[in-house]
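Reading through the structure tokens given below for one structure.
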Ligand SMILES: Nc1ncnc2c1ncn2[C@@H]1O[C@H](COP(=O)(O)OP(=O)(O)OP(=O)(O)O)[C@@H](O)[C@H]1O
Ligand SMILES: [Mg+2]
């Protein structure tokens with residue numbers, strides 16, 4: 020089956036103080052039409068950088084982003100992509116809805132920007148109203164300014180703006196992170212309904228494994244810009260094979276398989292070492308090999324892990340009661 024999106028070897032470095040910050044390093048994955056991938060990792064792991072590059076609002080230094088198995092859009096500059104016919108197929112819902120809306124424009128105009136226009140002629144206004152209805156946004160709000168809306172309403176505006184151009188791939192960057200818990204659930208249900216009704220393909224950024232469990236069928240785990248584990252959500256939750264994923268799963272409420280913690284400091288992403296596992300500063304499984312040889316992603320059937328001790332990590336889940344590894 021041809022993937023809607025195939026990402027290969029994506030790298031993005033930011034120049035900082037004479038060095039290079041490796042925000043993304045050799046990131047790749049496949050996403051089938053109708054599928055949903057969760058992108059998870061702690062703050063600074065590169066989630067927003069990846070989301071922004073996938074939406075072609077930023078350029079990678081290396082790598083490919085192949086659409087429909089035929090067209091590599093990674094080489095089209097972010098600037099040129101704005102006018103590309105594929106632009107409308109891929110839309111991003113930004114991390115903080117409120118900040119991403121333009122305070123000078125009305126809600127209706129903020130939604131119409133998704134079509135590349137601020138002019139609300141009859142046809143555009145009709146489309147704005149239609150998509151507002153779809154995201155349960157009252158039409159009485161369309162003439163207001165974004166700051167007059169609640170956080171949940173702003174999130175709906177951000178989603179409406181992304182949907183108005185009828186994208187096939189919707190990238191959501193922590194769409195509910197800034198919202199109250201009760202509102203979060205409503206917005207997640209909305210996204211799930213829209214996904215089903217429109218047959219959308221999703222790339223869903225989150226730092227919350229529970230949300231990914233609910234919304235996604237596969238998951239990609241990022242640590243300091245690198246993919247450490249990838250595969251079906253159910254498989255990874257059942258048997259996390261990377262110590263970092265293992266720690267995420269253990270920290271997630273409802274995981275009754277004992278404690279598992281990482282200790283020590285996170286390695287610096289600046290001038291990040293290419294000759295060691297970046298988790299080796301915090302990992303109870305780390306040995307000399309981890310400190311001298313960067314583990315490659317390996318595995319089969321789309322279930323990949325970058326750890327020299329993946330088998331031991333997965334096996335340690337079966338340890339005696341409490342299975343505490345520290
Ligand atoms: N424009 C930039 N210039 C320099 N460094 C940047 C830039 N954008 C991001 N970074 C750095 O790249 C790394 C990844 O940032 P990114 O925003 O992608 O992380 P994130 O996973 O989205 O984090 P969060 O969960 O806090 O949103 C961080 O170390 C960040 O400081
Ligand atoms: Mg982010």
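Residue numbers (this note's numbering): 20 to 345. Using N, Cα and C, we set each Cβ at its ideal position, and we do this for glycine too.
| Asked | Found |
| --- | --- |
| Below 7 Å, is the gap between the Cβ of residue 60 and the nearest heavy atom of ligand 1? | yes |
| Residues around ligand 2, please: the condition is that the C-beta lies closer than 7 Å to some non-hydrogen atom of it. | 66, 67, 114, 192, 193, 224 |
| Can you name, in chain order, every residue of its own chain whose Cβ lies under 7 Å from the Cβ of residue 268, other than the five neighbours on each side? | 228, 256, 259, 274 |
| To which residues of the same chain is residue 264 closer than 7 Å at the C-beta, ignoring the five residues directly before and after it? | 240, 247, 248, 255 |
| Exposed or buried, residue 340, counting other C-beta atoms within 10 Å across all chains shown (16 or more means buried)? | Annotation note: pLDDT 40 at residue 340 (below 50); position unreliable, coordinate value reported separately. Answer is exposed; the Cβ neighbour count stays below 16. |
| Quick one: which unbroken alpha helix (DSSP H) runs of 4-plus residues sit fully inside the segment 62 to 125? Chain order, please. | 66 to 73, 97 to 100, 116 to 119 |
| Return the first residue and the last residue of the alpha helix (DSSP H) that residue 171 is part of. | 170 to 182 |
| Hey, quick one: how far does the beta strand (DSSP E) through residue 27 stretch, first residue to last? | 24 to 35 |
| Mind the definition here: the segment 178 to 189 touches the segment 228 to 238 only if three or more C-beta pairs lie below 8 Å; say whether that holds. | no |
| Mind checking whether the beta-carbon of residue 298 lies closer than 7 Å to any heavy atom of ligand 1? | no |
| Classify residue 328 as helix, strand or coil using the three-state DSSP reduction. | coil |
| Starting from residue 221, trace the beta strand (DSSP E) in both directions and tell me its first and last residue. | 220 to 225 |
| Tell me which residue opens and which closes the alpha helix (DSSP H) that residue 248 is part of. | No alpha helix (DSSP H) contains residue 248, which is instead part of the beta strand (DSSP E) from 245 to 251. |
| State the beta-bridge partners of residue 55 as determined by DSSP. | 221 |
| Which partner residues does residue 355 have in the DSSP bridge list? | One cannot answer for residue 355 here, as it falls past the ends of the chain, which runs 20 to 345. |
| Comparing C-alpha positions only, which one of 266, 298, 172 sits nearest to residue 335? | 266 |
| Leaving out five residues before and five after residue 129 in sequence, what residues of the same chain have Cβ atoms less than 7 Å from its Cβ? | 120, 121, 165, 176, 180 |
| Going along the chain, which residues of its own chain have a beta-carbon closer than 7 Å to the beta-carbon of residue 328, five neighbours each way excluded? | 304 |
| At a threshold of 7 Å, does residue 35 count as lining ligand 4 (C-beta to nearest heavy atom)? | Inclusion of ligand 4 in the displayed structure is not the case, the ligand content consisting of ligand 1 and ligand 2 alone. |
| What residues in its chain sit with their C-beta under 7 Å from that of residue 51, if we drop five residues either side in the sequence? | 20, 22, 23 |
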